[in-house]
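Asks: From first to last, the protein sequence lines stand for chains A and B. With this note's numbering as the guide, the letters of the first sequence map in order to residues -7 to 326. With this note's numbering as the guide, the letters of the second sequence map in order to residues -7 to 326.
2 protein chains.
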Amino acid sequence: MATIKEVSQLAKVSVATVSRVLNGRVPVTEAKRESVLAAVAQLGYQPNVFARSLATNRSGGIGVIVNELSSPYYSGVIQGIESVVEAQGMHLLVSSGHAGRHLEAQAVEFLRQRRPDALIVQLEATSDADLIAWSGHGLPTVVLGRYIDALADRCIHLDNLKGGYLATRHLIDRGHRCIAHIAGKPALKDARDRLAGYRRALHDAGISYDEALVVEGDFMEEGGQAGMQRLLARDLGFTSVFAANDQSAAGALLAIRAHGLRVPDDISLIGYDDVLLARYLFPALTTVRQPFVEMGQAAAMLALSALSAGDSKEVRRQFDPVLIERTSVAALQS
Amino acid sequence: MATIKEVSQLAKVSVATVSRVLNGRVPVTEAKRESVLAAVAQLGYQPNVFARSLATNRSGGIGVIVNELSSPYYSGVIQGIESVVEAQGMHLLVSSGHAGRHLEAQAVEFLRQRRPDALIVQLEATSDADLIAWSGHGLPTVVLGRYIDALADRCIHLDNLKGGYLATRHLIDRGHRCIAHIAGKPALKDARDRLAGYRRALHDAGISYDEALVVEGDFMEEGGQAGMQRLLARDLGFTSVFAANDQSAAGALLAIRAHGLRVPDDISLIGYDDVLLARYLFPALTTVRQPFVEMGQAAAMLALSALSAGDSKEVRRQFDPVLIERTSVAALQS
DNA sequence: TTGTAGGCGTTATCAG
DNA sequence: CTGATAACGCCTACAA
Chain A
-7 MATIKEVSQL AKVSVATVSR VLNGRVPVTE AKRESVLAAV AQLGYQPNVF
43 ARSLATNRSG GIGVIVNELS SPYYSGVIQG IESVVEAQGM HLLVSSGHAG
93 RHLEAQAVEF LRQRRPDALI VQLEATSDAD LIAWSGHGLP TVVLGRYIDA
143 LADRCIHLDN LKGGYLATRH LIDRGHRCIA HIAGKPALKD ARDRLAGYRR
193 ALHDAGISYD EALVVEGDFM EEGGQAGMQR LLARDLGFTS VFAANDQSAA
243 GALLAIRAHG LRVPDDISLI GYDDVLLARY LFPALTTVRQ PFVEMGQAAA
293 MLALSALSAG DSKEVRRQFD PVLIERTSVA ALQS
Chain B
-7 MATIKEVSQL AKVSVATVSR VLNGRVPVTE AKRESVLAAV AQLGYQPNVF
43 ARSLATNRSG GIGVIVNELS SPYYSGVIQG IESVVEAQGM HLLVSSGHAG
93 RHLEAQAVEF LRQRRPDALI VQLEATSDAD LIAWSGHGLP TVVLGRYIDA
143 LADRCIHLDN LKGGYLATRH LIDRGHRCIA HIAGKPALKD ARDRLAGYRR
193 ALHDAGISYD EALVVEGDFM EEGGQAGMQR LLARDLGFTS VFAANDQSAA
243 GALLAIRAHG LRVPDDISLI GYDDVLLARY LFPALTTVRQ PFVEMGQAAA
293 MLALSALSAG DSKEVRRQFD PVLIERTSVA ALQS
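#1: Buried or exposed: where does P313 of chain B fall if 16 or more other Cβ atoms within 10 Å of its Cβ makes it buried?
#2: Just how far apart, CA to CA, sit I316 of chain A and R17 of chain B?
#3: Report the three-state DSSP secondary structure of E(-2) of chain B (helix, strand or coil).
#4: Between the C-alpha atoms of A197 of chain B and P64 of chain A, what's the straight-line distance to the nearest angstrom?
#5: Would you grab the beta carbon distance between A236 of chain B and F211 of chain B for me? Rounded to a whole angstrom, and I think it's under 8 Å.
#6: Would G72 of chain B pass as a contact of G229 of chain B if the rule is Cβ separation under 8 Å?
#7: By a C-beta neighbour count over all protein chains shown, 10 Å radius and 16 as the cutoff for buried, is P108 of chain A buried or exposed?
#8: Taking the straight line between their C-alpha atoms, what separation do you get for V100 of chain A and A142 of chain A?
#9: Pop quiz: R93 of chain B and A323 of chain B are said to be a contact at Cβ under 8 Å. What is the actual Cβ separation, rounded to whole angstroms?
#10: Note down, in chain order, each residue of its chain lying with its Cβ closer than 8 Å to the Cβ of R318 of chain B, except the 5 sequence neighbours on either side.
#11: Against chain A, which members of the stretch 272 to 290 of chain B pass a CB distance test of less than 7 Å?
#12: With DSSP as the reference, please indicate the residues paired to I316 of chain A in a beta bridge.
#13: Going by DSSP, what residue range makes up the alpha helix (DSSP H) through G367 of chain A?
#14: Can you give me the Cβ contacts of W126 of chain A inside the same chain, cut-off strictly under 7 Å, excluding the 5 residues immediately before and after it?
#15: Hey, does I70 of chain B have any beta-carbon neighbour from chain A nearer than 8 Å?
#16: With H, G and I counted as helix, E and B as strand and the rest as coil, what does DSSP make of V134 of chain B?
#17: Given 7 Å as the limit, tell me if G155 of chain B has its C-beta closer than that to any heavy atom belonging to the ligand GDP.
#18: If you draw a straight line from the C-alpha of F42 of chain A to the C-alpha of D145 of chain B, how long is it?
#19: Could you check what DSSP says for S240 of chain A in three-state terms: helix, strand or coil?
#20: If we cut at 8 Å on Cβ distances, does L14 of chain B have a partner in chain A?
#21: Under 7 Å Cβ to Cβ from A204 of chain A, same chain only, skipping five residues before and after it: list those, please.
#22: Apply the 10 Å Cβ neighbour rule to D258 of chain B and answer buried if 16 or more other Cβ atoms are within range, or exposed otherwise.
#23: What number of angstroms, rounded off, separates the C-alpha of D122 of chain B from the C-alpha of F102 of chain B?
#24: Just to confirm, is the Cβ distance from G68 of chain A to S88 of chain B under 8 Å?
#25: Determine whether the Cβ of E116 of chain B lies closer than 8 Å to any Cβ atom of chain A.
#26: Leaving out five residues before and five after L163 of chain A in sequence, what residues of the same chain have Cβ atoms less than 8 Å from its Cβ?
#27: Can you give, in chain order, each stretch of the beta strand (DSSP E) that sits fully within the stretch 145 to 193 of chain A and has at least 3 residues?
#28: For R107 of chain B, which residues in chain A fall below 8 Å Cβ to Cβ?
#29: I believe E208 of chain A touches P178 of chain A by the beta-carbon criterion, under 8 Å. Please report the beta-carbon distance rounded to the nearest angstrom.
#30: Give the secondary structure of I112 of chain B by DSSP, where H, G and I count as helix, E and B as strand, and everything else as coil.
#31: When the Cα of S75 of chain A is compared with those of A:A159, A:E306, A:A290, which residue comes out closest?
#32: Leaving aside the five residues before and after R327 of chain A along the sequence, list all residues of the same chain whose C-beta is less than 6 Å from its C-beta, in chain order.
#33: What whole-angstrom Cβ distance do H83 of chain A and R106 of chain B have, given they're in contact under 8 Å?
#34: On the premise that I148 of chain B lies in contact with V56 of chain B, defined as a C-beta separation below 8 Å, what is that separation, rounded to the nearest angstrom?
#35: Rank B:R138, B:I174, B:H173, B:A110 by C-alpha distance to the C-alpha of A117 of chain B and give the top, closest one.
#36: Note down the Cα distance separating T(-5) of chain B from R192 of chain A, rounded to an integer number of angstroms.
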């Protein structure tokens, strides 16, 4: 691998000059510039990133931590991040947190050691306080999927309350009055917000909130299925269900079917997220979309803007959920 | 950020000694070792990876390129890779190739500049020849999802012919004799192999191959749907279909349903891959599983073994497809 | 077993 | 505008 020194010799200039033409900024005589470029081409020279990083104290890397690399939620986000990070000539260092508080801290530590120029984290088990502490520690950090007051300008998130409202409202608009809810883990803000949206929509429509109609799920198929079973067992006569995410909805669908009921004929079902499988469920799931890829892009732009003070903060931080109508919700004949 | 020199001063030893206790191998007096460790702890010292890389010419990173980061196929693979790479204290540099020949080459170049210690590539558009050329270029490269003779010991792949055989055979075992096939893009070896497996199973069962029963798909929902429509239009009386991957199967399912037929009552359907959505389809899709995560792990182990000559080559390179029975295939009453 | 010192490839400072 | 040269932080002969 050729070094800058070899280039400088071949081009008959100093290494400083080579560095200059390669890194732009400073003016260099046209003749020398060309001679350098020629030498670079001839040698196939590529700067050694380690040496450069050592000298500049910049790695050119953006660290990313998500709960689960293989989850349909986060992979969309990563894709969004990658597209903008790479377009800037920077690269991605990824690591997963596996939704464990300890593991998440470990992942952060792990990436921090690699000295990325910025960090983008989508953490589940970590507390707001820890997040605040970490991001104060020198490394520009953007928080994905969570809103923290103290870090307001570094948070990319979606208004889950609005999303919950949207979903519930859609059901109400279709004539439903008795609406059940399969919530997510109450420890998660997302889950609580969606529930809050559900309650508000109910309230706004003059429907009183009935605790018996909401069960706790876990954002996974099993929880959705179990929750639905409990709901069904209570025999409350609900005509529709809002599941806190698509995966719970898929589980709920199974339970409904096992109970001998049909969607949407007997029970209408609405999910949340709009991951790939929502389209494939039968009936295709009406749901509330989270723009994962766009949020990933925004996160990356925010991270990048923290580096080059140039980019002003015109990055969108708050995203809106949008209703995607498919066929799992039926209008109730009144 | 503390440097090794500061540690050495605090511990009252030379930097060399600090380096030694931190990097193992060489013997160091217990007293000094402890004093160094204490100093490290006190200062919260963390070696500067750039300086280290510059000196050792090793980055500690493994580069990974897949077609699409957000695809359910590749994200499983990445997860597998990550788990073993990180367990070795190394990190992951990811980039996507977006299935374009030019883009793939670009991604490789991009990662190569970051000087990972090894590369794991899952490429679609790139030719075998290019792959061979690249991997000869100094950087240990493992090829995922493709078998290339010249790179035999660096390829992790699944026997797709066997998989195609398995799927078709399952249908035959259930009494089906007239079996259609929605193939993948013929440009892809995976697709051709699955088709070959289909043909061989037919042949072994004494069923003659009928060209009219196979249509070209594209490994995506649209292709599966369109292909199924064409098949249905030909009115050939087939009782079952083998789709080259789950996504095509999902599309086919839509078309079958739109045609007023039911799965598996009227037509049995089998997919390939066993991605998440297979379980959620209705009816749940019988399919052939590719162990993505395990393959990713194997790829990582192979990459790692190329670095530390220690690990012998006991890494599994060839994986077997396994049939996952769900409910989209019915036995044919004869 | 330990310390000294040179080198890894760049960038950046500072004279010319 | 250009060229020396000193960092950058660590590893590793080599010598002691």
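Ideal Cβ positions, reconstructed from N, Cα and C, are used throughout, including at glycine.
Replies: If we stick to the structure as given:
#1: buried
#2: 60 Å
#3: Three-state DSSP puts E(-2) of chain B in a helix.
#4: 39 Å
#5: 7 Å
#6: no
#7: buried
#8: 19 Å
#9: Rounded, the Cβ-Cβ distance is 45 Å, inconsistent with contact.
#10: A270, R271, P275, A276, L277, T278, T279
#11: Y272, L273, F274
#12: A:T279
#13: Any question about residue 367 of chain A goes unanswered here, given that chain A covers just -7 to 326.
#14: V100, T133
#15: yes
#16: Correct three-state label for V134 of chain B: strand.
#17: The ligand content of the structure shown is nil, which means the ligand GDP is not present either.
#18: 30 Å
#19: helix
#20: no
#21: Within the same chain, R226, L228 come within 7 Å of A204 of chain A by CB-CB distance, once the 5 residues on both sides are set aside.
#22: exposed
#23: Put simply, the backbone Cα of D122 of chain B is about 16 Å away from that of F102 of chain B.
#24: no
#25: no
#26: I171, S232, F234, S260, I262, V321
#27: 147 to 150, 171 to 175
#28: N40, V41, F42
#29: 6 Å
#30: strand
#31: The candidate whose alpha carbon is nearest that of S75 of chain A is A:A290.
#32: In the structure as shown, chain A starts at -7 and stops at 326, and residue 327 of chain A therefore has no counterpart that could be examined.
#33: 6 Å
#34: Not a contact, Cβ separation roughly 13 Å.
#35: B:R138
#36: 55 Å
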